[in-house]
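Novice: Dropping the structure in here first, questions after.
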Amino acid sequence: MKSLHLVKTSTGATWAFRVMRDLVQMGEDVHVAMPVDGILVQQYKDAGIVIHELNYSMKSAFSTISKIREVVDEVKPDIIHSHFVLTTLLMRMALRKRNIARVFEVPGPLHLEHAIYQNADLWTAQKKRDFWIPTCQWSMDKYKACGIDDSRLFLTYYGGDLVDREYQKGVLRNELGLTDKDIIVGMVAYMYAPKKYLGEKRGLKGHEDLIDAVAMIQDKYPNMHLVFIGGPWVGAEKYEQEVIAYGKEKVRNVHFLGTRRNVPDLYQDFDMVVHPSHSENLGGAAESLMLAVPTIASNVGGFPDIVIPGKTGYLSEPFNPMSIAKAIEKVIANPAEAKQMAEYGKAYLHDLLNAKKTSKDVYDFYRLIKERFDENNTR
Numbered sequence: 001m002k003s004l005h006l007v008k009t010s011t012g013a014t015w016a017f018r019v020m021r022d023l024v025q026m027g028e029d030v031h032v033a034m035p036v037d038g039i040l041v042q043q044y045k046d047a048g049i050v051i052h053e054l055n056y057s058m059k060s061a062f063s064t065i066s067k068i069r070e071v072v073d074e075v076k077p078d079i080i081h082s083h084f085v086l087t088t089l090l091m092r093m094a095l096r097k098r099n100i101a102r103v104f105e106v107p108g109p110l111h112l113e114h115a116i117y118q119n120a121d122l123w124t125a126q127k128k129r130d131f132w133i134p135t136c137q138w139s140m141d142k143y144k145a146c147g148i149d150d151s152r153l154f155l156t157y158y159g160g161d162l163v164d165r166e167y168q169k170g171v172l173r174n175e176l177g178l179t180d181k182d183i184i185v186g187m188v189a190y191m192y193a194p195k196k197y198l199g200e201k202r203g204l205k206g207h208e209d210l211i212d213a214v215a216m217i218q219d220k221y222p223n224m225h226l227v228f229i230g231g232p233w234v235g236a237e238k239y240e241q242e243v244i245a246y247g248k249e250k251v252r253n254v255h256f257l258g259t260r261r262n263v264p265d266l267y268q269d270f271d272m273v274v275h276p277s278h279s280e281n282l283g284g285a286a287e288s289l290m291l292a293v294p295t296i297a298s299n300v301g302g303f304p305d306i307v308i309p310g311k312t313g314y315l316s317e318p319f320n321p322m323s324i325a326k327a328i329e330k331v332i333a334n335p336a337e338a339k340q341m342a343e344y345g346k347a348y349l350h351d352l353l354n355a356k357k358t359s360k361d362v363y364d365f366y367r368l369i370k371e372r373f374d375e376n377n378t379r
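Mind the numbering: the sequence shown is residues 1 to 379 in UniProt numbering, read in order.
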């Protein structure tokens, strides 16, 4: 089956790349329409994915819509697979009169938490042509509550590759000059600037909340170090500098490492990792648990699907530094228990989030979607 994927970045979104890579390995003819200025372009080429240059912009919606139509006419796909809200809305506007099966693999619940974006998703969808692949239970339940029929919904997750690999320990501690007696609290995430028009005062990933949490308890643990891995998302360079300044003002032992290519190796030296997001799908919690790193995550979105209190990790309340601080202290007080839960989390996710399984789910969904699309459009 020939699929055309719509992706708005060639810098991040490796979860979308893995789906495409695995589909190629299963014999699919896979094309992607995306910008070609990012670091992942060569990986797409090496995986056998056919790239079509396309930059997505609502400000230049007419030219983007025209380009989408050109690519669709050139590729002639059996199914179009969009991975972002932006690409989905532009796709639907471009192809409103085109009789092609379309599926939106929902990367997270954020747009469903805001009425204007939720309604844009629901109102632009055509009953006989549009389908969804929610990637957490929260999103699945939300679409059902909005009246979307089960026949148009297919639940799976964005899978990872980390489970069965071995990574090097000691890299981070050597780089920072730390010993095994030092406590490393880590966070791995790009920095997304607050969206003022949504009323956000802090970044989506909660960097400032974690800074506040560590500041609250640092006097009790003078050997505690806070390590941030991840640079600014596109356009958030000024916000990154604000976070760095805030972190250095509030926390004595804080390290900002920027974007790194050896993240799994760096994870090995974390005593714990915190994912304090205000809205999230599975996010970095999937990565940290698949690496058996003690994990703390906000009780939002898809995190509770995999971070299960007392079994795989710890949940804290969003926007609540005190709640995060209490969870950090639990890990410090019970390191063996925290590690045991993380190991259980790794085993739990071994099949649930294995990229080969989740990509096979998508492969199977394509067949079901095409079957239902054909039924809908021959009546």
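Glycine residues also receive a C-beta, built at the ideal position from the N, C-alpha and C atoms.
Looking at R98 and F131, is the spacing between their C-beta atoms short of 9 Å?
Specialist: Here the question's residue 131 lines up with position 131 in the sequence shown. Here the question's residue 98 lines up with position 98 in the sequence shown. Contact: no.
Novice: State the start and end residues of the unbroken beta strand (DSSP E) segment that holds I80.
Specialist: Taking the sequence shown and counting its residues from 1, the one referred to as residue 80 is at position 80. I80 -> beta strand (DSSP E) spans I79 to S82.
Novice: Evaluate the contact criterion for the stretch 216–229 versus the stretch 255–270: three or more CB pairs, one atom per stretch, below 8 Å.
Specialist: The stretch 216–229 vs the stretch 255–270: in contact.
Novice: I'd like the ranges of any beta strand (DSSP E) spanning at least 3 consecutive residues and lying wholly in the stretch 126–187.
Specialist: List check, beta strand (DSSP E) in window: 130–134.
Novice: Tell me the DSSP bridge mates of E53?
Specialist: As a first step, residue 53 must be located in the sequence shown, where it is residue number 53. In the DSSP output, where bridge partners are listed per residue, E53 has M34.
Novice: Do you know whose CA, among V7, T156, L291 and M26, lies nearest T358's CA?
Specialist: Start at 1 with the first residue of the sequence shown, and residue 358 comes out as number 358. Selected option, being the one with the closest Cα: T156.
Novice: Just to confirm, are I328 and V243 a CB contact at a threshold of 9 Å?
Specialist: Working through the sequence shown from its first residue, we reach residue 328 at position 328. Working through the sequence shown from its first residue, we reach residue 243 at position 243. It is not a contact, given that the beta carbons lie outside the stated cut-off.
Novice: Evaluate H350 with the Cβ neighbour count: other Cβ atoms within 10 Å of its Cβ, from every protein chain shown; 16 or more gives buried, anything less gives exposed.
Specialist: For the purposes of this step, residue 350 is taken as residue 350 along the sequence shown, with counting starting at 1. H350 comes out exposed.
Novice: Enumerated in chain order, which unbroken segments of the beta strand (DSSP E) with a length of 3 residues or greater are wholly contained in the UniProt domain "Glycosyl transferase family 1" (203–346)?
Specialist: DSSP runs (the beta strand (DSSP E)) wholly in the UniProt domain "Glycosyl transferase family 1" (203–346): 224–229, 254–256, 272–275, 295–298 and 314–316.
Novice: Can you have a look at L54 and say buried or exposed, based on whether 16 or more other CB atoms are within 10 angstroms of its CB?
Specialist: Along the sequence shown, one-based indexing puts residue 54 at 54. Buried, since its Cβ has 16 or more Cβ neighbours within 10 Å.
Novice: Taking the alpha carbon of V103 as the reference point, which residue from S3, Y56 and R252 has its own alpha carbon closest?
Specialist: Here residue 103 refers to the residue found at position 103 when the sequence shown is read from its first residue. Closest option to V103, Cα to Cα, is S3.
Novice: Is the CB-CB distance between V32 and H52 below 9 Å?
Specialist: By one-based count along the sequence shown, residue 32 stands at place 32. By one-based count along the sequence shown, residue 52 stands at place 52. Result yes, Cβ atoms of V32 and H52 sit closer than 9 Å.
Novice: Give the C-beta separation of S139 and V185 to the nearest angstrom, bearing in mind that I take them to be a contact with Cβ-Cβ under 8 Å.
Specialist: For the purposes of this step, residue 139 is taken as the residue at position 139 of the sequence shown. For the purposes of this step, residue 185 is taken as the residue at position 185 of the sequence shown. So it is not a contact: roughly 29 Å between Cβ atoms.
Novice: Measuring CB atoms only, is the stretch 280–299 touching the stretch 232–239, in the sense that at least three cross pairs come out at less than 8 Å?
Specialist: Flag = no, the stretch 280–299 and the stretch 232–239 do not touch.
Novice: Rounded to whole angstroms, what is the Cα-Cα separation between S66 and E74?
Specialist: Working through the sequence shown from its first residue, we reach residue 66 at position 66. Working through the sequence shown from its first residue, we reach residue 74 at position 74. Their Cα atoms are separated by approximately 12 Å.
Novice: Just to confirm before moving on: does the CB-CB distance between L6 and H81 stay below 9 Å?
Specialist: Counting from one through the sequence shown, the residue named residue 6 turns up at place 6. Counting from one through the sequence shown, the residue named residue 81 turns up at place 81. It is a contact, given that the beta carbons lie within the stated cut-off.
Novice: With respect to the beta strand (DSSP E) encompassing R69, which residues constitute its N-terminal and C-terminal limits?
Specialist: Translated into positions along the sequence shown, residue 69 becomes position 69. Element bounds for R69: not the beta strand (DSSP E) but the alpha helix (DSSP H), A61 to V75.
Novice: Quick one: Cα of A145 to Cα of N119, how far?
Specialist: As a position in the sequence shown, residue 145 is number 145, starting the count at 1. As a position in the sequence shown, residue 119 is number 119, starting the count at 1. A145 and N119: Cα-Cα distance of roughly 13 Å.
Novice: Is M191 helix, strand or coil by DSSP?
Specialist: Translated into the one-based positions of the sequence shown, residue 191 becomes position 191. Three-state result, M191: strand.
Novice: Check whether the Cβ atoms of T259 and Y190 lie closer than 9 Å to each other.
Specialist: Position 259 of the sequence shown, counted from the first residue, corresponds to residue 259. Position 190 of the sequence shown, counted from the first residue, corresponds to residue 190. Yes, they are a contact pair.
Novice: With N281 and G108 assumed to form a contact (beta carbons below 8 Å), what rounded beta-carbon distance in angstroms separates them?
Specialist: Position 281 of the sequence shown, counting from 1, holds the residue named residue 281. Position 108 of the sequence shown, counting from 1, holds the residue named residue 108. With a Cβ gap of about 4 Å, N281 and G108 count as contacting.
Novice: Whose CA, out of E375, L289, T378 and L368, lies closest to the CA of D161?
Specialist: If you number the sequence shown from 1, residue 161 lands on position 161. The residue with the shortest Cα to Cα distance from D161 is L289.
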